[in-house]
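Only one structure is covered here, and it is reproduced in the block below.
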Amino acid sequence: MEQLFKTRKMRLDLFKSRRSSDQKQPIDVPENLFRSCSECKESIPFEDLMHNLYVCPHCGAHLKLTAHERIRQIVDEGSFVEMDKRMTLLEGRTFPGYEEKLERLQKKTGLYEAVVTGTAKLGGIKCALAIMDSNFFMGSMGQIVGEKITRCIEYATKKKLPLIIFCTSGGARMQEGILSLVQMAKTSAALAKHHEAGLLYISYLTHPTTGGVSASFAMLGDIILAEPKCLIGFAGKRVIASTVNEELPADFQTAEFVLEKGFIDRIVERKDSRNVLIQLLRLHERRVSWD
Amino acid sequence: MEQLFKTRKMRLDLFKSRRSSDQKQPIDVPENLFRSCSECKESIPFEDLMHNLYVCPHCGAHLKLTAHERIRQIVDEGSFVEMDKRMTLLEGRTFPGYEEKLERLQKKTGLYEAVVTGTAKLGGIKCALAIMDSNFFMGSMGQIVGEKITRCIEYATKKKLPLIIFCTSGGARMQEGILSLVQMAKTSAALAKHHEAGLLYISYLTHPTTGGVSASFAMLGDIILAEPKCLIGFAGKRVIASTVNEELPADFQTAEFVLEKGFIDRIVERKDSRNVLIQLLRLHERRVSWD
Amino acid sequence: MGLRESEAKIASLEASLASLESEDILQKEAIVKQIEEIRQTAYTHMDAWDSVYLARHPKRPKASDYIARLFDDFMELHGDRFYGDDGACQGGLASFHGIPVTVLAQSKGKTLEENMKRNFGMLQPEGYRKALRLAKQAEKFHRPIITLVDTSGAYPGKGAEERGQAEAIAQCLQVFADLKTPVIAVVLSEGGSGGALAFSVADQIMMLEHAIYSVLSPEGFASILWKDEKRAAEAAKVMELRAQDLKRKGVIDTIIKEPLGGAHHDLDYVIAQLDEELLKQLERLMKKKEKTLLSERYEKFRRMGQSYEGM
Amino acid sequence: MGLRESEAKIASLEASLASLESEDILQKEAIVKQIEEIRQTAYTHMDAWDSVYLARHPKRPKASDYIARLFDDFMELHGDRFYGDDGACQGGLASFHGIPVTVLAQSKGKTLEENMKRNFGMLQPEGYRKALRLAKQAEKFHRPIITLVDTSGAYPGKGAEERGQAEAIAQCLQVFADLKTPVIAVVLSEGGSGGALAFSVADQIMMLEHAIYSVLSPEGFASILWKDEKRAAEAAKVMELRAQDLKRKGVIDTIIKEPLGGAHHDLDYVIAQLDEELLKQLERLMKKKEKTLLSERYEKFRRMGQSYEGM
Ligand SMILES: [Zn+2]
Ligand SMILES: [Zn+2]
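Protein chains in written order, with the UniProt record's numbering: chain A, 1 to 291; chain B, 1 to 291; chain C, 1 to 311; chain D, 1 to 311.
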């Protein structure tokens with residue numbers, strides 16, 4: 001038993017060193033660039049920010065990550081294999097200006113859509129992974145986001161893999177109308193099968209997780225984690241304030257508020273996220289001696 | 001299909017007439033006796049009260065029923081077959097004065113314990129039935145109440161019968177200590193098996209349903225009915241008032257209050273109770289053409 | 001001239017008709033003819049914005065009207081067993097042609113008072129959880145479920161957020177996807193956003209001809225995309241929220257015809273069709289093996305929105 | 001002399017011992033001897049009321065102390081997914097000798113501040129529902145559950161009634177009775193009424209030597225039966241609420257010995273025994289087939305209180 005723990009600890013130390021070395025190699029960053037914190041407005045050297053996992057060293061704000069930066073922070077180095085990378089919408093881009101906006105965003109972000117899916121290893125444990133990216137159309141869910149996430153879930157069910165989804169979304173992709181709405185049902189149905197198969201699903205909420213995504217796969221995790229202070233809610237704050245005709249509490253719809261209301265399991269800081277995920281995956285590894 | 005409904009309607013009319021003729025025969029009642037309503041204090045001729053199902057004609061209060069009067073009001077005439085009628089406690093009556101009190105109550109009520117169990121037909125549908133009687137030790141649950149109810153549930157499971165329990169209880173039978181408490185677990189475990197077997201359980205709450213009974217089988221019905229204005233709650237009102245140090249709303253812990261809080265399905269007046277139960281049983285009859 | 005204007009015009013013509021002396025026969029006939037012409041034009045050339053108008057028409061029948069006419073012995077059941085009883089969600093047991101069914105309805109009120117109680121048909125988390133409770137109960141007893149959809153959307157309230165309406169809706173989507181009993185959804189009038197979707201994960205989805213079903217209200221849509229709520233009519237036209245659009249997209253299965261002028265002009269006509277179609281579908285679905293039922297339901301939603309390239 | 005008085009006496013003797021000059025050797029020795037005698041007498045002749053005193057002793061270790069020492073990598077999980085997160089119920093995942101387990105604890109605080117957060121270990125409905133959620137999660141992953149019981153009882157609050165603590169406790173009783181994974185309960189200190197029972201439907205029930213487990217607190221018992229809360233000591237003596245009584249009655253299975261004077265005098269001693277016993281029982285239960293496990297659990301509770309006649 002003790003041996004087991006030693007091995008685990010060794011592995012963990014190895015990962016830690018691997019990750020920190022990973023983080024010490026700035027990738028493709030123009031030198032001497034600064035970025036200002038969206039919360040405290042302090043100006044931070046880009047390189048410092050990157051080494052600090054894009055957490056503001058001044059105020060601790062967890063700044064927006066691209067899907068690929070998130071992957072880099074989370075998975076065992078080099079283990080990510082992307083699925084359906086180039087999937088884009090064939091029809092239904094008829095809404096005025098929609099097609100152009102999609103193309104513009106694709107050029108700007110290097111992404112084809114608002115989610116990146118695939119498989120990866122965390123601490124040596126293979127899992128299916130979907131990471132939404134709010135740089136692409138505010139992470140809104142249209143048919144492609146729904147389809148990619150559904151395929152990722154279905155793959156996990158078929159291969160008996162645990163599933164991790166990093167959520168961030170402004171809600172449904174309005175431009176795709178009703179077909180964006182039904183993606184909520186489609187992804188939830190796929191999760192029902194994953195759940196029935198007795199597999200682990202960890203939902204990780206990041207800023208912001210709202211609308212249709214909050215009311216589907218985001219809230220269906222066996223375990224729901226969230227980044228500090230991120231916005232989590234279904235309806236928009238302004239709409240609510242005008243409905244109830246009163247001031248909302250300052251922390252309304254923050255992760256801390258939602259934790260207190262009983263809807264998420266833990267708030268996990270970015271620096272701990274990889275370790276916490278690995279710990280959870282380990283605790284759910286299929287035991288040969290059991291059942 | 002139409003034929004089916006006609007037959008049903010005929011059966012129902014038959015039952016109605018049978019019951020009303022049943023109610024018109026006063027049984028064993030000394031003439032010219034009056035009873036005063038526990039709510040409005042009006043004095044009511046005993047016979048009138050009986051014909052009115054022991055509902056006060058002045059204020060509508062649903063007055064306390066004995067288990068056998070309840071049975072008379074509910075089941076198809078002559079269909080009740082009692083189980084475990086004479087079951088009493090063999091050991092564990094050591095608490096000072098407990099044995100004497102039990103014997104006194106047995107003489108006074110003609111019951112052996114605070115619940116009567118058995119089988120009966122309602123509208124021709126056979127079911128298992130347990131009726132608590134608050135005239136016996138305030139309907140408190142000790143080992144015998146727990147054992148009789150458990151046997152009744154187990155019988156229902158074995159014979160694939162729907163189950164109806166009329167609850168009324170002041171809580172656990174303190175005099176029997178921990179062995180009264182564990183009856184909550186025992187009865188709930190028996191209900192878990194009845195539930196797993198896909199059988200219907202209707203819990204019918206009457207005044208008062210509190211303490212250990214409220215926190216076990218009373219709250220586990222597929223469908224939970226209650227008599228108007230009856231008290232339903234776990235902790236005592238006085239204890240709560242002293243804990244929160246404030247006045248409680250006038251309707252606190254009434255059936256109407258608990259309905260609003262989402263914990264019971266319907267408030268059913270005594271005059272409708274037999275028909276509502278029959279309707280529910282019919283809607284749950286096992287269909288040959290199905291599954 | 002849109003339907004709103006046509007109906008206003010008809011109303012004013014009817015008023016002048018009533019004010020005419022009885023001897024003005026010719027004049028009367030002319031007005032009657034004019035009314036009939038407007039009516040014909042208006043009701044046979046309706047656009048999406050007209051459907052929005054009809055779907056929200058004050059006289060449009062509510063879920064309770066359908067429950068009373070479609071089912072025998074409806075026994076309403078209350079409560080979510082967690083927090084409260086949501087008046088916007090009416091659920092219960094009933095008999096449909098002798099078949100026991102569970103009915104789950106989104107209920108708007110007919111009077112202001114009733115609408116206060118029913119929150120104008122906007123569910124709180126308790127409403128979704130009541131539906132979930134009754135749905136699982138229906139599953140236990142292999143009882144088919146019929147849902148009636150009529151909501152402008154989830155309620156943007158403080159308490160609804162605090163008590164997790166996102167979670168409650170998500171649970172509906174997941175639980176209904178795998179519910180081991182037939183489910184039929186009928187979109188009666190307004191099917192707005194996640195609130196409507198929560199009641200629409202079904203084996204068969206029917207929709208009244210002039211009902212609407214959309215990702216968001218036209219007002220909300222215009223407000224988000226064009227920052228101008230007043231462009232709702234324009235939004236309605238691009239949103240493809242009518243039954244015919246949804247059928248084409250494969251989101252719904254059956255359209256229930258409405259009489260000229262909308263369901264409130266002849267409810268019996270709507271009920272007769274709905275009754276027939278419900279019975280037909282119920283009998284079809286009840287014959288299926290559980291496994292087939294569930295895999296077909298899965299495939300139904302799985303297929304929605306499959307137009308992509310470049311995998 | 002009861003334990004309360006003995007400990008007070010020892011405290012005062014220790015005070016006089018401290019005040020003595022260092023040369024008063026004989027006198028010192030006498031006092032030390034006297035203290036030892038009182039201690040021996042007090043701790044080896046304890047009655048039920050003394051156990052009540054120890055079970056509630058301010059220094060008695062709390063659930064969090066056991067969690068920290070018994071398990072590796074405890075990861076606390078929060079929330080019931082309905083209404084809130086109850087600080088009186090601590091639940092989460094942990095590793096026990098390399099075996100993943102779900103831990104569900106009734107947690108009292110150590111400071112007033114912590115006790116405000118933990119409501120002095122009295123659960124609200126949210127606490128039972130959090131436990132239910134995590135228990136079903138454990139079942140999904142075939143993960144054994146270890147519950148730690150320490151509550152004076154359910155909370156007699158207005159909100160707790162409004163949000164249905166009766167229903168929440170009843171659900172615990174029903175769900176745990178049929179939960180398809182091994183469950184071990186450990187009564188640490190106070191096991192009061194339905195609140196404790198809700199966490200005690202288990203395959204194996206352990207109890208610390210000086211813990212108490214009863215239908216009601218002795219104070220409540222005296223108040224209800226004798227209308228006199230002050231007769232609590234007398235009540236404790238007739239209530240048979242000690243581990244030895246409960247073992248005899250078949251309500252618990254194993255007694256975990258405490259050091260002289262109670263668990264707080266040597267927590268390591270208690271932990272060592274508990275660790276061994278938990279591992280032994282866990283390995284035994286994990287070997288069982290699901291069907292056997294469940295039918296044995298059923299029979300365990302089915303047998304409680306079988307002394308009747310006249311069927
Ligand atoms: Zn900052
Ligand atoms: Zn009266």
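Quick reminder that beta carbons are idealized off the backbone N, C-alpha and C, glycines included. Nothing here was measured: the structure is a model prediction, and the numbers come from that model.
Given a cut-off of 8 Å on the beta-carbon distance, is the pair residue i and residue j in contact?
{"i": "Val251 of chain C", "j": "Met304 of chain C", "result": "yes"}
{"i": "Met174 of chain A", "j": "Ile145 of chain C", "result": "no"}
{"i": "Gln124 of chain C", "j": "Ala63 of chain C", "result": "no"}
{"i": "Ala267 of chain A", "j": "Leu280 of chain A", "result": "In the sequence under discussion, the amino acid at residue 267 of chain A is Ile, which differs from the Ala named in the question. No, they are not a contact pair."}
{"i": "Tyr128 of chain C", "j": "Ala185 of chain C", "result": "no"}
{"i": "Gly192 of chain C", "j": "Thr151 of chain C", "result": "yes"}
{"i": "Ser189 of chain C", "j": "Arg4 of chain C", "result": "no"}
{"i": "Cys152 of chain B", "j": "Leu205 of chain B", "result": "no"}
{"i": "Gly146 of chain B", "j": "Leu89 of chain B", "result": "no"}
{"i": "Val81 of chain B", "j": "Thr119 of chain B", "result": "yes"}
Alpha carbon to alpha carbon, what distance is there between residue j and residue i?
{"i": "Ala130 of chain B", "j": "Thr117 of chain B", "result": "4 Å"}
{"i": "Ala250 of chain B", "j": "Leu49 of chain B", "result": "27 Å"}
{"i": "Met254 of chain B", "j": "Gly233 of chain B", "result": "For the record, residue 254 of chain B in the displayed sequence is Thr; it is not Met. The alpha-carbon atoms of Thr254 of chain B and Gly233 of chain B are separated by roughly 8 Å."}
{"i": "Gly262 of chain B", "j": "Gly164 of chain D", "result": "9 Å"}
{"i": "Lys110 of chain D", "j": "Ser217 of chain D", "result": "21 Å"}
{"i": "Lys291 of chain D", "j": "Leu191 of chain B", "result": "17 Å"}
{"i": "residue 292 of chain B", "j": "Ile256 of chain D", "result": "No answer is possible for residue 292 of chain B: it lies beyond the span of chain B, which begins at 1 and ends at 291."}
{"i": "Leu122 of chain A", "j": "Glu76 of chain D", "result": "21 Å"}
{"i": "Thr209 of chain B", "j": "Asp80 of chain D", "result": "26 Å"}
{"i": "residue 306 of chain A", "j": "Ser43 of chain A", "result": "Within the shown structure, residues of chain A are numbered from 1 to 291, placing residue 306 of chain A beyond reach of any answer."}
{"i": "Lys158 of chain D", "j": "Gly121 of chain D", "result": "17 Å"}
{"i": "Leu283 of chain B", "j": "Ile149 of chain B", "result": "25 Å"}
{"i": "Ile31 of chain C", "j": "Trp226 of chain C", "result": "41 Å"}
{"i": "Glu7 of chain D", "j": "His57 of chain D", "result": "11 Å"}
With a CB to CB cut of under 7 Å and the five nearest residues on each side skipped, what residues in its chain are close to residue i?
{"i": "Met221 of chain B", "result": "Correcting the residue type first, residue 221 of chain B is Gly in the shown sequence and not Met. Around Gly221 of chain B: Tyr201, Ile202 and Ser203."}
{"i": "Leu33 of chain A", "result": "Phe46"}
{"i": "Asp50 of chain C", "result": "Gly2 and Leu3"}
{"i": "residue 315 of chain D", "result": "Since the first residue of chain D shown is 1 and the last is 311, residue 315 of chain D is not available in this structure."}
Spatial neighbours of residue i within its chain, please: CB distance less than 6 Å, with the 5 preceding and 5 following residues excluded, ordered by chain position.
{"i": "Gly261 of chain C", "result": "Tyr43"}
{"i": "Met138 of chain B", "result": "Gly170"}
{"i": "Val187 of chain C", "result": "Val149, Met207, Ala211 and Tyr213"}
{"i": "Ser36 of chain A", "result": "Ser43"}
Please go through the same chain and pick out, in chain order, the residues whose beta-carbon is closer than 8 Å to the beta-carbon of residue i, but skip the five residues on each side of it.
{"i": "Gln34 of chain C", "result": "Leu13"}
{"i": "Glu256 of chain A", "result": "Pro228, Lys229 and Ile267"}
{"i": "Leu161 of chain B", "result": "Thr119, Lys126, Cys127, Ala128, Tyr155 and Leu199"}
In the DSSP output, what is residue i paired with across the bridge?
{"i": "Ser169 of chain B", "result": "B:Thr209"}
{"i": "Cys127 of chain B", "result": "B:Ala120"}
{"i": "Val239 of chain A", "result": "DSSP, once it has assigned bridges, lists no residue as partnering Val239 of chain A."}
{"i": "Ile256 of chain C", "result": "C:Leu208"}
Along the stretch 56 to 88 of chain D, what residues have a CB closer than 9 Å to any CB found in chain A?
Asp72, Asp73, Met75, Glu76, Leu77, His78, Gly79, Asp80, Arg81, Phe82, Tyr83, Gly84, Asp85 and Asp86
Using Cβ-Cβ distances below 9 Å, what residues of the stretch 208 to 230 of chain D are close to chain B?
Tyr213, Ser214, Val215, Leu216, Gly220, Phe221, Ile224 and Leu225
Cβ-based contacts, 7 Å cut-off: residues of the stretch 263 to 279 of chain A near chain D
Phe263, Ile264, Asp265, Arg266 and Gln279
Interface residues of the stretch 118 to 135 of chain D facing chain A [CB-CB below 7 Å]:
Glu126
Give, in chain order, every residue of the stretch 161 to 173 of chain D whose Cβ lies closer than 8 Å to some Cβ of chain C.
Arg163, Gly164 and Glu167
Which residues, in chain order, does the stretch 154 to 187 of chain B contribute to contact with chain D at a C-beta distance below 7 Å?
Ala172, Met174, Gly177, Ile178, Leu179, Ser180, Leu181, Val182, Gln183, Met184, Ala185 and Lys186
In chain order, what residues of the stretch 251 to 262 of chain B put their CB closer than 8 Å to some CB of chain C?
Leu259, Glu260, Lys261 and Gly262
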